[in-house]
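*Asks:* Under our numbering, the first residue of the sequence shown is numbered 2, with each subsequent residue one higher.
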Amino acid sequence: MSLSRRGLFSLSGGIVSAVGLTACGIALSSPGGSTGALLPSRLPLPSPFATELPRLTPLRPDRDGRAAITVRRKAIEILPGRTTEIAGYDGLFPGPTIEATKGEPLHLSLRNELDVPVVNHLHGGVTPAEHDGYPTDLVQPWHARDYHYPLDQRAATLWYHDHAMDLTGPNVYAGMAGAFVLRDPAEDDLGLPGGERELTLVITDRSFGEDAELVYPVSEGVIEYRYHGGVLGDVMLVNGAPWPYLDVDAARYRLRILNACNARRLELAFDGGSGQTTEIAQVGTDQGLLTRPHRRSALTLAPAERADVVVDFAQHAVGSQVTLVNRLGDEAMGQVMRFDVARRAKDDSRVPERLSTIERIDPASVVTTRDFRLSLGATGGSSGHASHADAQGRSLAMWAVNGRPYEPGVDIARPRLGTVERWRFTTDVHHPVHAHLVHFQVEQDGAPAWKDTIDVGPTSRAEVLVPIEGYRGRYVLHCHNLEHEDRMMMADFSVV
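(1) State the beta-bridge partners of residue 434 as determined by DSSP.
(2) Measuring only the C-alpha atoms, how far is residue 490 from residue 480?
(3) Residue 263 and residue 170 look like a contact to me (Cβ under 8 Å); what is the Cβ gap, rounded to whole Å?
(4) Would you mind sorting residue 206 into buried or exposed? The rule is 16 or more other CB atoms within 10 Å of its CB.
(5) Return the first residue and the last residue of the alpha helix (DSSP H) that residue 171 is part of.
(6) Which one of 446, 439, 450 and 409 has the shortest CA to CA distance from residue 486?
(7) For residue 440 and residue 266, what's the separation of their Cα atoms in angstroms?
(8) Starting from residue 46, follow the beta strand (DSSP E) in both directions and report where the run begins and ends.
(9) Work out the CA separation of residue 99 and residue 182 for me, nearest whole Å.
(10) Please classify residue 491: does DSSP put it in a helix, a strand, or coil?
(11) According to DSSP, simplified to helix, strand and coil, what is residue 148?
(12) Could you check the C-alpha separation between residue 347 and residue 253 for me, to the nearest Å?
(13) Just reading off the beta strand (DSSP E) that residue 110 is part of, what are its end residues?
(14) Under a Cβ-count criterion, where at least 16 other Cβ atoms within 10 Å of its own Cβ denotes burial, should residue 80 be classed as buried or exposed?
(15) Would you be able to state if there are at least three C-beta pairs under 8 Å between the stretch 217-225 and the stretch 158-165?
(16) Which term fits residue 16, buried or exposed, when burial requires 16 or more other beta carbons within 10 angstroms of its beta carbon?
(17) I'd like to know whether the C-beta atoms of residue 94 and residue 241 end up nearer to each other than 9 Å.
(18) What number of angstroms, rounded off, separates the C-alpha of residue 496 from the C-alpha of residue 427?
(19) Residue 67 lies in the beta strand (DSSP E); which residues open and close that run?
(20) Using the three-state DSSP reduction, which class does residue 226 fall into: helix, strand or coil?
(21) Let's test the definition: count the other Cβ atoms within 10 Å of the Cβ of residue 370 and tell me whether it reaches 16, buried, or not, exposed.
(22) Can you have a look at residue 294 and say buried or exposed, based on whether 16 or more other CB atoms are within 10 angstroms of its CB?
This is the structure in structure tokens:
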């Protein structure tokens, strides 16, 4: 398989599943589900729970705060007994999990050994503009560059991924994504589960061709008409393995969960069988610990959202099987992985009722209210992308912010450093909204929480308070359905 700008993957000729809502002939979803269309695989799929969950490869900076990764192709085993060529960081899928410490800057060297340009973005990072991963700040094939991440921010489960203009969807689909765990030694005193009982789970969905190759519906650099609303795979992968299982102690586990799918939303729950639902104690969001644990039976994550949860498998007898299910998925895609309660074990961990302090922003401090409308716009636009058409010559309407497809260098807003703004988002279908640099304060279960990505439902509105902190420079705001982002649902804002 040749990885090139105009043909990153084989073109799938499969029949997609029926969906309830269409716009301009593009397959979208019914409200409550995932925006996009299913891309069927063309080979028999593996049985669930036959592969053990892989442990992610850690990458820690040296004493000088330096680390290096290389984006390269490699043939790896994803489906049992088959090989699949990926384009990933250090040839891994997902990439290595970078582990860093709050307040200790990281200097990351990235080398690109592909024949397509790449851009690295630390998602959720408070990063100077020149190191943030602006879409046209490309690392060309066989070149390298250094990224500087100050990491002067709350400890949290972040992630890093490609952000190249027009290519984010296929590049991430090929494997260019990895977890980034930013730690704070002060959190050790909380007593949350750690060591072997702290797991990072990177959830993705992918589809495969007859030779187990990744398939993505792009031809001549343009996504196929049907998938303009989003690409939904039919194989659920956790840490790069299909529907894996893991033997666990009858004890508490801390799970850092990342939805790294291109377009699929997840509603996660732990099913112990016989109608027994395991309680989830959510202790953190995209941007670190909550003020107190929020106990729930299910957890919804849009693409790019993260959740830090504690699950106590001591609720189940040894020999029990607890399935992590996706209530928004049908048949096999309704399952994610399985935990097999294998043994009794000592457990000194706890979930304290006080986790962190978050100062609620006074709405009276807001200096500006801004409205952002995310919707499918008219065909064409003034951004140099007016002639997008698929292989059959059908024009593709652009996804837009405030009616305008993305134009690099044209600001939609110019917030002032050190102020607080109110941002309001309205939508047509589901859009997970992410802004670089800044973080959103939201209300969650009656308490303030910090996030960098919010899931805005169909024809609805979300309102967040945004402290303009960090660095001056140009950043982007966009939908994190990657097919929407690549088809121009993005806008620049400059912090002045």
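Using N, Cα and C, we set each Cβ at its ideal position, and we do this for glycine too.
*Replies:* Reading from the atomic positions:
(1) Here residue 434 is taken as the residue at index 433 of the sequence shown, counted from 1. DSSP, once it has assigned bridges, lists 455 and 480 as partnering residue 434.
(2) The sequence position of residue 490 within the sequence shown is 489, counting from 1. The sequence position of residue 480 within the sequence shown is 479, counting from 1. If you take the alpha carbons of residue 490 and residue 480, they lie about 6 Å apart.
(3) Here residue 263 refers to the residue found at position 262 when the sequence shown is read from its first residue. Here residue 170 refers to the residue found at position 169 when the sequence shown is read from its first residue. With 8 Å as the limit, residue 263 and residue 170 qualify as a contact, their Cβ atoms being about 6 Å apart.
(4) Within the sequence shown, residue 206 is the residue found at index 205, counting from 1. Buried, since its Cβ has 16 or more Cβ neighbours within 10 Å.
(5) Within the sequence shown, the letter at position 170 stands for residue 171. Start and end: 169-175.
(6) In the sequence shown, the residue the question calls residue 486 occupies position 485. Closest option to residue 486, Cα to Cα, is 409.
(7) Taking the first residue of the sequence shown as position 1, residue 440 is located at position 439. Taking the first residue of the sequence shown as position 1, residue 266 is located at position 265. One C-alpha to the other measures close to 21 Å.
(8) As a first step, residue 46 is located in the sequence shown; it is residue number 45 there, counting from the start. In this chain, residue 46 is not harboured by any beta strand (DSSP E), its DSSP state being neither H nor E.
(9) If you number the sequence shown from 1, residue 182 lands on position 181. If you number the sequence shown from 1, residue 99 lands on position 98. Going by the C-alpha atoms only, they are around 6 Å apart.
(10) On the sequence shown, residue 491 is found 490 positions in, with the first residue counted as 1. For residue 491, the secondary structure class from DSSP, reduced to helix, strand or coil, is strand.
(11) Locating residue 148 in the sequence shown gives position 147, where the first residue counts as 1. Note: residue 148 maps to strand in three-state DSSP.
(12) Within the sequence shown, residue 347 is the residue found at index 346, counting from 1. Within the sequence shown, residue 253 is the residue found at index 252, counting from 1. Whole-angstrom Cα-Cα distance: 10 Å.
(13) Walking along the sequence shown from the start, residue 110 turns up at place 109. Residues 107-113.
(14) Stepping through the sequence shown from its first residue, residue 80 is reached at position 79. In summary, residue 80 is buried, with 16 or more beta-carbon neighbours lying within 10 Å of its beta-carbon over all protein chains present.
(15) Using a Cβ-Cβ distance cut-off of 8 Å, the stretch 158-165 and the stretch 217-225 are not in contact, since fewer than three pairs of beta carbons, one from each stretch, lie closer than that value.
(16) Residue mapping note: residue 16 aligns to position 15 of the sequence shown, counting from 1. With a pLDDT of 23 at residue 16, under the threshold of 50, the predicted position of this residue should be treated as unreliable, though the coordinate-derived value follows. It counts as exposed.
(17) Reading the sequence shown from its first residue, position 93 is the one you call residue 94. Reading the sequence shown from its first residue, position 240 is the one you call residue 241. Yes, the pair counts as a contact, with Cβ atoms nearer than the cut-off.
(18) As a working mapping, residue 496 is identified with position 495 in the sequence shown. As a working mapping, residue 427 is identified with position 426 in the sequence shown. The alpha-carbon atoms of residue 496 and residue 427 are separated by roughly 23 Å.
(19) What you label residue 67 is simply residue 66 of the sequence shown in a count that begins at 1. Note, residue 67: beta strand (DSSP E), 67-77.
(20) In the sequence shown, counting from the first residue as 1, residue 226 sits at position 225. Of the three classes helix, strand and coil, the one that applies to residue 226 here is helix, per DSSP.
(21) For the purposes of this step, residue 370 is identified with residue 369 of the sequence shown, where counting begins at 1. Label assigned to residue 370: exposed.
(22) Here residue 294 corresponds to residue number 293 of the sequence shown, with the count starting at 1. Buried, because 16 or more other Cβ atoms sit within 10 Å of the Cβ of residue 294.
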